[in-house]
Amino acid sequence: MGNVRRVFELYSDLLWNGLHPDVVTFANLVDVLCKVGDLKAARNCFVYMDKFGVFPNSYVYNCLIDGYCKAGDLVEAMRLRVEMERNGVSGDVFTCSILVKGLCDLGRFEEAKDLMEEMGKAGVFANVVTCNVVIDGYCKMGDMEKAIEVCSQLTERKIEPNVITFSTLIDGFCKKGNIKAAMGLYTEMVIKGLVPDVVTYTALIDGHCKVGNNKEAFELHKEMLDAGLTPNALTVTCLIDGLLKDGRTYRAIKLFLEKTGVGCPGSKMDHSRLCSPNDVMYAALIQ
Numbered sequence: 001m002g003n004v005r006r007v008f009e010l011y012s013d014l015l016w017n018g019l020h021p022d023v024v025t026f027a028n029l030v031d032v033l034c035k036v037g038d039l040k041a042a043r044n045c046f047v048y049m050d051k052f053g054v055f056p057n058s059y060v061y062n063c064l065i066d067g068y069c070k071a072g073d074l075v076e077a078m079r080l081r082v083e084m085e086r087n088g089v090s091g092d093v094f095t096c097s098i099l100v101k102g103l104c105d106l107g108r109f110e111e112a113k114d115l116m117e118e119m120g121k122a123g124v125f126a127n128v129v130t131c132n133v134v135i136d137g138y139c140k141m142g143d144m145e146k147a148i149e150v151c152s153q154l155t156e157r158k159i160e161p162n163v164i165t166f167s168t169l170i171d172g173f174c175k176k177g178n179i180k181a182a183m184g185l186y187t188e189m190v191i192k193g194l195v196p197d198v199v200t201y202t203a204l205i206d207g208h209c210k211v212g213n214n215k216e217a218f219e220l221h222k223e224m225l226d227a228g229l230t231p232n233a234l235t236v237t238c239l240i241d242g243l244l245k246d247g248r249t250y251r252a253i254k255l256f257l258e259k260t261g262v263g264c265p266g267s268k269m270d271h272s273r274l275c276s277p278n279d280v281m282y283a284a285l286i287q
């Protein structure tokens, strides 16, 4: 709050010295107030701009829209979007991203997808980060058809999906038990020159373990180690769970000890390869 107080002190000094604040001054005020969650003050500051003959630009509107989205007030956020366009201020990619994320945070994925299409017709296209938010939402709902549809819209606009896009889709298909589709996406991303990360490998390992493909899961585990990646607690938990479901309790315990360093002399441990055991990992062992 100290920074907010300082901003207002500077603002007061500006008025006291007879200087008129410009759009940048107001933009900074609105931005700071929204970030600290004081939307009432931010709105009052926004309204006060008119008294100085200063017209809000897209940045000012985006700050307010973002503030209302984070507060869960999509009604006011959408109303501001209509207002800005009525006042001749065009929404940009940031407006689109803010509103799409706000809708997705409330589980309104269809509206988010419709908004992207609507703004696209106006020449404002969502970027890969925004699309990834919608894709993630559909994947969590288990609607892989819609998730792929959004991904296809990316490629149609010559925007390449990134590692997060592929990892999200892979995880979605794995959770649906469609390992073939997941592995197909994995192959596609490698062909495109994208480097799978720990999230990608963990999703695939979890998917294989859940359908009893422990051999394939451990092959992927070796592949990620060869790539210099360190499995996290979730990766190890998936492997342990797969071994236990296969009745290989001793191997599961051995893997747990290897990966956590529990009970291992320090000289025999590669600390860069260790991960901290968590409650889920212990639960998998004692189930």
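Heads up: the sequence shown runs through residues 1 to 287, numbered per the UniProt record's numbering.
Note that beta-carbon positions come from the ideal geometry of N, C-alpha and C, so glycine has one too.
**Request:** Determine, using beta carbons only, whether residue 78 and residue 96 come nearer to each other than 7 Å.
**Result:** For the purposes of this step, residue 78 is taken as the residue at position 78 of the sequence shown. For the purposes of this step, residue 96 is taken as the residue at position 96 of the sequence shown. Not closer than 7 Å, so no.
**Prompt:** Quick one, are the C-beta atoms of residue 63 and residue 34 less than 7 Å apart?
**Reply:** Numbered from 1 along the sequence shown, position 63 holds the residue referred to as residue 63. Numbered from 1 along the sequence shown, position 34 holds the residue referred to as residue 34. Yes, they are a contact pair.
**Prompt:** Within this structure, are the beta carbons of residue 176 and residue 133 separated by less than 7 Å?
**Reply:** The residue labelled residue 176 in the question sits at position 176 within the sequence shown. The residue labelled residue 133 in the question sits at position 133 within the sequence shown. Against a cut-off of 7 Å, the Cβ pair of residue 133 and residue 176 comes out as no contact.
**Asked** Alpha carbon to alpha carbon, how far is residue 131 from residue 178?
**Response** Along the sequence shown, one-based indexing puts residue 131 at 131. Along the sequence shown, one-based indexing puts residue 178 at 178. Rounded to whole angstroms, residue 131 to residue 178 spans 22 Å at the Cα level.
**Prompt:** For residue 243, which residues of its own chain have a beta-carbon under 6 Å away from its beta-carbon, when the five flanking residues on both sides are left out?
**Reply:** Within the sequence shown, numbered from 1, the residue matching residue 243 stands at position 243. So the qualifying residues of the chain are 251, 252.
**Request:** List in chain order: all unbroken alpha helix (DSSP H) runs of 4+ residues lying wholly within the region 97-130.
**Result:** 109-121
**Prompt:** Of all the options 138, 99, 146, 191, which has the alpha carbon lying nearest to the alpha carbon of residue 162?
**Reply:** Position 162 of the sequence shown, counted from the first residue, corresponds to residue 162. It is 191 whose Cα lies nearest to the Cα of residue 162.
**Item:** residue 128 versus residue 188 - alpha carbon distance
**Value:** Within the sequence shown, residue 128 is the residue found at index 128, counting from 1. Within the sequence shown, residue 188 is the residue found at index 188, counting from 1. Each residue's Cα considered, the two are about 17 Å apart.
**Prompt:** Straight-line CA distance for residue 74 to residue 208?
**Reply:** Counting from 1 along the sequence shown, the entry for residue 74 is found at position 74. Counting from 1 along the sequence shown, the entry for residue 208 is found at position 208. About 40 Å.
**Item:** Of the residues 157, 98, 248, the one placed nearest residue 58, counting alpha carbons only
**Value:** To locate residue 58, count along the sequence shown from 1; it is residue 58. Of the listed residues, the one whose Cα sits closest to residue 58 is 98.
**Request:** Just confirm the distance between the C-beta atoms of residue 42 and residue 30, as a whole number of angstroms; I'd bet it's less than 8 Å.
**Result:** The residue given as residue 42 occupies position 42 in the sequence shown. The residue given as residue 30 occupies position 30 in the sequence shown. Their Cβ separation, rounded to whole angstroms, is 5 Å, which keeps residue 42 and residue 30 in contact under 8 Å.
**Message:** What does the Cβ neighbour count give for residue 86, buried or exposed, with the cut at 16 atoms within 10 Å?
**Reply:** On the sequence shown, residue 86 is found 86 positions in, with the first residue counted as 1. It is exposed - the Cβ of residue 86 has fewer than 16 other Cβ atoms within 10 Å.
**Request:** Using the Cα positions of residue 149 and residue 257, report the straight-line distance between them to the nearest angstrom.
**Result:** Against the sequence shown, residue 149 aligns to sequence position 149. Against the sequence shown, residue 257 aligns to sequence position 257. C-alpha separation (whole angstroms): 43 Å.
**Message:** Are the CB atoms of residue 157 and residue 125 within a distance shorter than 7 Å?
**Reply:** Translated into positions along the sequence shown, residue 125 becomes position 125. Translated into positions along the sequence shown, residue 157 becomes position 157. Yes, they are a contact pair.
**Prompt:** Would DSSP call residue 65 helix, strand or coil?
**Reply:** Numbered from 1 along the sequence shown, position 65 holds the residue referred to as residue 65. Reduced to three states, the DSSP call for residue 65 is helix.
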